[in-house]
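Taking it in order: structure first as structure tokens, then the write-up.
Protein chains: 2
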Amino acid sequence: MGKGNDHKARFAEDGHDHRRCIAEALETADALCARRGVRLTKLRRRVLELVWTSHAPIGAYDVLRRLSQEHDGAAPPTVYRALDFLREQGLVHRIESLNAFVGCADPAEAHTSQFLICQDCGAAAELQDPAINRALARSAGSLGFLVKDKTVELRGLCAHCRESGA
Amino acid sequence: MGKGNDHKARFAEDGHDHRRCIAEALETADALCARRGVRLTKLRRRVLELVWTSHAPIGAYDVLRRLSQEHDGAAPPTVYRALDFLREQGLVHRIESLNAFVGCADPAEAHTSQFLICQDCGAAAELQDPAINRALARSAGSLGFLVKDKTVELRGLCAHCRESGA
DNA sequence: ATTCAATGGTTATAGTATACTATTACTGTT
DNA sequence: AACAGTAATAGTATACTATAACCATTGAAT
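So the protein sequences, as listed, match chains H and W. Sequential numbering from 68 applies to the first sequence in the working numbering. Sequential numbering from 68 applies to the second sequence in the working numbering.
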């Protein structure tokens, strides 16, 4: 990921080499888990890889269907446990409005993100816009509300689908 | 529903007369549906009333359980259909992160809201903060993203629970 | 009165998530 | 080697959330 402007995520380019995305995500995860002394087991790593199949959030049961093809006896808890671990480590995010999961673009440190989700191509872009977080903090603060967790999800059309569609 | 400062919602006061909240919500709904020429049937009205049981979002199946006690043959579709109607009319909102529904504080016109949800007392406060919407619009706009729908939900502790708790 | 669309009843099923119990595998210790 | 402690996984069942599909009824407008 770049140097400046890190908070300004983008939708993946149309013809981008997605195998690179996957490989990078897995490398980063390996390094991160090693550093933290937590175990990115084969199963967890494979689930992470499946989540990274595309930039579109994927349902837990879609992960399960794929996992089942190679892993006898995979059951819902198999997947949910792995996803729970990956979420704790910040490696995947849950998209509440879709009941689905997406790989984290920048898992190095804890953060709150915002998501732009394209209703046409399904892809999700992760933002970390300080201005949004400031506005949220101000509003909550003025009511004396102590924020523990945020969900910010905007659904619509990404620039690319917007052009090709209408 | 004052005049100025309308966008600044509040958590309901501790000892507030909640029967008033319910009565007002139902009156508003009656008037609104009459004006729009849509039918707030007995069933829909009762579901709305059940959603307004408290300021905490309520699950569809909780609504169903209560409805069943007085309405033979109530089934999931009974409730979901009513909730769909109420949502279309802006009378209730869905809280994505809870899979639950809450009465709209100000249903007169379409709007996008933000929610503060207390993890202790369960209550949800609905905000309509232009600053938040501006920040979201700017961020999405800078990526060429066309926003159709927003989910903004902050979970944490309301001022009251914050004091009594810690 | 007739008709057509909206509403609701009924049954079945899809989709999402967790509780609970048991087992395995890896640690360090004796 | 035997053991205990812990983390991870397996396996089963069930809870919870939501929709599909089909039919009967209602009710408002012509």
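We treat Cβ as the ideally placed atom computed from N, Cα and C, and that holds for glycine.
| query | result |
| --- | --- |
| At what residues does the beta strand (DSSP E) containing residue 160(H) begin and finish? | 159 to 162 |
| Establish whether the CB of residue 154(W) and some CB of chain H are separated by less than 9 Å. | no |
| With a Cβ-Cβ cutoff of 9 Å, do residue 229(H) and residue 203(W) count as a contact? | no |
| Taking Cβ to Cβ, would you say residue 195(H) is nearer than 9 Å to residue 206(H)? | no |
| Residue 196(W) touches chain H at which residues, Cβ-Cβ below 8 Å? | 202, 206 |
| What runs of the beta strand (DSSP E), each 3 residues or longer, lie entirely inside the segment 103 to 162 of chain H? | 159 to 162 |
| Thinking C-alpha only, which one of 87(W), 84(W), 81(W), 95(W) is nearest residue 171(W)? | 95(W) |
| Count the CB pairs spanning the segment 209 to 224 of chain W and the segment 80 to 88 of chain W that are closer than 8 Å, and state whether there are at least three. | no |
| So residue 211(W) contacts chain H; which residues on that side make the cut at Cβ distance below 8 Å? | 225, 226, 229 |
| For chain W, check one thing: does any of its Cβ atoms lie closer than 9 Å to the Cβ of residue 180(H)? | no |
| On the three-state DSSP scale, how would you describe residue 179(H)? | coil |
| Report buried or exposed for residue 146(H), applying the criterion of at least 16 other Cβ atoms within 10 angstroms of its Cβ. | buried |
| Among 218(W), 185(W), 148(W), which has the Cα closest to the Cα of residue 225(W)? | 185(W) |
| Under the three-state reduction of DSSP, which class applies to residue 80(W): helix, strand or coil? | coil |
| Considering Cα atoms alone, identify which of 220(W), 227(W), 232(W) is closest to residue 124(W). | 220(W) |
| Going along the chain, which residues of the segment 84 to 95 of chain W sit with their C-beta nearer than 7 Å to a C-beta in chain H? | none |
| Step through the CB atoms of chain W and report whether any lies within less than 9 Å of the CB of residue 171(H). | no |
| At least one CB of chain W closer than 9 Å to the CB of residue 125(H): is that the case? | no |
| Quick check: what's the CA-CA separation for residue 156(W) versus residue 91(H)? | 46 Å |
| Does any residue of chain H bring its CB to less than 9 Å from the CB of residue 150(W)? | no |
| I need the DSSP call for residue 100(H), collapsed to helix, strand or coil. | helix |
| If the criterion is Cβ atoms closer than 9 Å, does the pair residue 126(H) and residue 167(H) meet it? | yes |
| Would you identify the three-state DSSP class for residue 185(H), choosing helix, strand or coil? | strand |
| Alpha carbon to alpha carbon, what distance is there between residue 93(H) and residue 174(H)? | 11 Å |
| Taking residue 192(H) as part of the beta strand (DSSP E), name the residues at either end of that continuous run. | 191 to 194 |
| Work out the CA separation of residue 118(H) and residue 139(H) for me, nearest whole Å. | 19 Å |
| Is there a Cβ from chain W that is less than 9 Å from the Cβ of residue 216(H)? | yes |
| Residues in its own chain within less than 6 Å of residue 178(W) by CB, not counting five upstream and five downstream? | 195 |
| Counting contacts by CB-CB distance shorter than 9 Å, is residue 188(H) in contact with chain W? | no |
| Taking the alpha helix (DSSP H) that residue 221(W) belongs to, which residues open and close that run? | Where residue 221(W) is concerned, there is no enclosing alpha helix (DSSP H), although the beta strand (DSSP E) it sits in stretches over 213 to 224. |
| Could you spell out where the beta strand (DSSP E) holding residue 167(W) opens and where it closes? | 167 to 170 |
| Please report whether the beta-carbon of residue 78(H) lies at a distance below 9 Å from any beta-carbon of chain W. | yes |
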